[in-house]
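Okay, so here's the structure we're looking at.
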Amino acid sequence: MSDPLEKIASGIGEKIKSLREKHKLSSSDITAITGVSKELLGKIEKFDASVSVATLLKLANAFGVGVAYFFEDSPENEEITVTRSGERVKMDRRSHHRHGEIRYLYEALGTKKSDKQMDPFLVEFPVIDINEMVFVTHKGEEFLYVLEGELEFRTAGRVEILKTGDSIYFESEIEHGFRGLGHKNARAVVVVYNCTDKRSGGIK
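This is how it looks when you write it as structure tokens:
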């Protein structure tokens, strides 16, 4: 498996399958708990589908792990870890996206630190029409800072246009969606706070 992206995808699939088997749960059980369809779960485990951050958050919450757990190779327990620019883990499945999937390109920035409460990402949001937006909801809170471009944040009752240098902090249980505006994709640093108590081990 020479493609680094395929290696990352396979690692995510293997970890999800391992966690599911560890907890003695079927694909149907996971669907009932997380809302992630049995079909999508099967494709992820077989490395045949893109995985959005929102989907990973649902699975992470269920299993009592952080999102970055799925990207970790040899996580460290040090108080301080440094991720160099060439060490960022990038996921980009936009060329294989399906209807109803989020097409974000994202890079995990904090994969070296284990047992953390926050998951930082560098995210690229494509310019799309309103009818292409995908809305998600998950436990926790999010902070987003726009590095470049123009970004629309939308909920059922609110729309915010964010420009370079703007930031937003919100409770992510509110159903929300983003889309790039203008003529080029928007890029932002996104920090997700996972409120799941990892010490509880998630599913019992």
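Every letter in the sequence shown is one number past the one before it in the working numbering, and letter 96, counting from 1, is 992. The C-beta atom is built at its ideal place from N, Cα and C for all residues, glycine as well.
{"Asked": "Pick from Phe967, Leu953, Leu1040 that is closest to Ser1010, judged by C-alpha positions", "Found": "Phe967"}
{"Asked": "Residues near Arg916 in its chain [Cβ-Cβ closer than 7 Å; skip 5 each side]", "Found": "Ile926"}
{"Asked": "Cβ-Cβ separation, Ser1063 to Tyr1041 (assumed contact under 8 Å), whole Å", "Found": "4 Å"}
{"Asked": "Assigned secondary structure, Ala956 (DSSP; H/G/I helix, E/B strand, else coil)", "Found": "helix"}
{"Asked": "Met987 - partner residues in DSSP beta bridges", "Found": "Tyr1002"}
{"Asked": "In DSSP terms, what Val1055 is bridged to", "Found": "Arg1050"}
{"Asked": "Inter-residue Cα distance where the pair is Ser1110 and Ile1026", "Found": "The shown model of the chain, from 897 to 1100, leaves out residue 1110, and the question about it has no answer."}
{"Asked": "Backbone CA spacing between Ile929 and Val985 [nearest angstrom]", "Found": "28 Å"}
{"Asked": "Cβ separation of Thr1060 and Gly1045, assumed to be a contact under 8 Å, to the nearest whole Å", "Found": "7 Å"}
{"Asked": "Element boundaries [beta strand (DSSP E), containing Asp925]", "Found": "No beta strand (DSSP E) holds Asp925; the alpha helix (DSSP H) holding it covers 923-930."}
{"Asked": "Any 3 or more C-beta pairs closer than 8 Å across the region 959-966 and the region 1001-1016", "Found": "yes"}
{"Asked": "Close-in-space but distant-in-sequence residues of the same chain around Val1101 (CB under 6 Å, 5 per side omitted)", "Found": "The question about residue 1101 has no answer, for the chain in this structure spans 897 to 1100."}
{"Asked": "Continuous alpha helix (DSSP H) stretch holding Glu941: start and end", "Found": "934-941"}
{"Asked": "Start and end residues, beta strand (DSSP E) containing Ala964", "Found": "Where Ala964 is concerned, there is no enclosing beta strand (DSSP E), given that its DSSP letter is neither H nor E."}
{"Asked": "Expected contact under 8 Å - CB spacing of Lys911 and Gly931 to nearest Å", "Found": "So it is not a contact: roughly 19 Å between Cβ atoms."}
{"Asked": "Under the three-state DSSP convention, the category Ser948 falls into", "Found": "coil"}
{"Asked": "Cβ distance (whole Å) where Leu1043 is taken to contact Arg1083 below 8 Å", "Found": "5 Å"}
{"Asked": "Euclidean distance between Cα positions of Arg994 and Val1055", "Found": "The predicted model places Arg994 with a pLDDT of 48, which falls under 50 and marks its position as unreliable; any figure quoted below should be read in that light. Taking the straight line from one Cα to the other gives about 25 Å."}
{"Asked": "Contact set for Gly909: own chain, Cβ-Cβ below 8 Å, skip 5 residues either direction", "Found": "Ile940, Glu941, Lys942, Phe943"}
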